[in-house]
Every structure is written in C-alpha cells, then in structure tokens.
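Scroll down for the structure; my scribbles are underneath it.
Numbering (the working numbering), first residue to last: 634 to 856.
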C-alpha cells in the first residue's frame, strides 16, 4: 500500500487528488494539510511514502516544508513530490535543491498522475529527460567543480558513468542497455553513488551531477 500525504492550501484541489487516489486499491491518503507547517507535522505523525506538496502556501511554503522533511532523519523514507501550476516556474529547481524527488503540474492527466505517484513510491525521480534539460539549462549556473567535487572522487568509473546517465534522465533499464549490464547492476551503481554523494534520491543525484560539473548542459550522453 502506497501511503500519501496531501499538502495544498486549495481544498478543491486536495479533494480532487484525494478522489483520484482513494479509488486505487494500492494507494491510501493518510492525511491532508493546508500549509507546509502542518504538512511537516503530519509527515512525522503518519510517515507517508509520498508527500504531495504545493509550492506556494501560507505560513510555510512548499520549499521550506520540503527542506524540513529532507533534513529529518526520521523522514528519510518520505518522497516529496512538488505540485506546481506551471511546468517550469521559478521555484522548481529550488525545491529539487531542498530535497524534492520531482514535481508534477497540477493539470496533469489523471492516469499520468497515478502513474507518477507509483513511480515516486519506487524511489525514481519524476524528471523526464526533456524537463531535466530545461531545468538545468535555466537554473544551473554554478561553475564546474563547485559543490560536490570531493564526493565525486569517491565514485568508481562505472558509478560516475551511471550518475551521468541518471542526470540525462535515463531509467535504470535504459542505463543498463547503455552500459551493457543488467538492470540490477545498474541500480546497484546508482544506489552506491547516491550513498557516496549523500543524495537523498535520484532527483538530488541529478542536481549534484550538474552542480559538480560532472555533467554540463549541452554535452552528449556517454556511450
């Protein structure tokens, strides 16, 4: 059962999302909140698998709520998915930096919304390759080598290659095909890289790859 927390200051939207989720046999909405402060408190109380959090809310906004959840070791199993009215508003990358696993546009098709919840519950990032490229081109301005260069030195060559492919938006199966290895081995490389770089999830791995200069916008993927 996938346990979901809804955090949005618009009751009508929360009701709509809840109606979609409640009819699914493998998904359960465990709580709702109208601001980020209550959302964090409910995350600590219910320990959901997914926290769907709006960016713009009163009292505590979605970015700060995400940051608090990501910083709490007791909430390490909570995957934050940001809800936004626009595909690429100015807050999205800040949310990813804060620890969000990805983001969804509020006018998403119902079947895509349900699929996204299940993808996030597996621990995969909700960042399509096209969105990843746009995010990076628009928001990453740090010079190569900034931020996490030291951590990258701990990666093996295969782990670095896997991280590069994750940053290009490839799934584990696609990474396996590109590296000519099994999907399980690809997942192992990605997980070990996340551990070494202290990345909470694949979305943070994408951010770290670009901020460190391992991947540069416009560079072709390896292989």
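Ideal Cβ positions, reconstructed from N, Cα and C, are used throughout, including at glycine.
It should be emphasised that the depicted structure is a prediction, and the values quoted were computed from it without experimental measurement.
Of all alpha-carbon atoms in 725, 845, 819, 724, the one lying nearest the alpha-carbon of residue 791 is that of 819.
Ranked by Cα distance from residue 717, the first of 839, 814, 696 is 696. Leaving aside the five residues that flank residue 736 on each side, the residues in its chain whose CB is nearer than 6 Å to its CB run, in chain order, 715, 717, 725. A straight-line Cα-Cα distance of about 23 Å links residue 796 and residue 704. In chain order, 683, 712, 714, 734, 735, 759 place their CB closer than 7 Å to the CB of residue 753, counting only its own chain and leaving out the 5 sequence neighbours on each side. Within the same chain, 792 come within 7 Å of residue 825 by CB-CB distance, once the 5 residues on both sides are set aside.
Restricted to the stretch 788–851, the alpha helix (DSSP H) segments that are unbroken, complete and at least 4 residues in length are 790–800, 805–812, 816–830, 835–844, listed in chain order. In this structure, residue 635 sits near residue 659, with a CB-CB distance shorter than 7 Å.
Residue 688 sits in coil when the DSSP states are folded into three classes, being neither helix nor strand. Nearest Cα to residue 657 within the set 751, 757, 805: 751. The shortest C-alpha to C-alpha distance from residue 685 to any of 803, 788, 728, 692 is the one to 728. Here residue 736 is bridged, per DSSP, to 715. In the structure shown, the three-state DSSP call for residue 645 is helix.
Linking residue 665 to residue 785 through their CA atoms gives a straight-line distance of about 39 Å. DSSP places residue 752 within a helical segment (H, G or I) once states are collapsed to three. Just so you know, the alpha carbons of residue 756 and residue 835 end up roughly 7 Å apart.
When only Cα atoms are considered, residue 701 and residue 848 end up about 28 Å apart.
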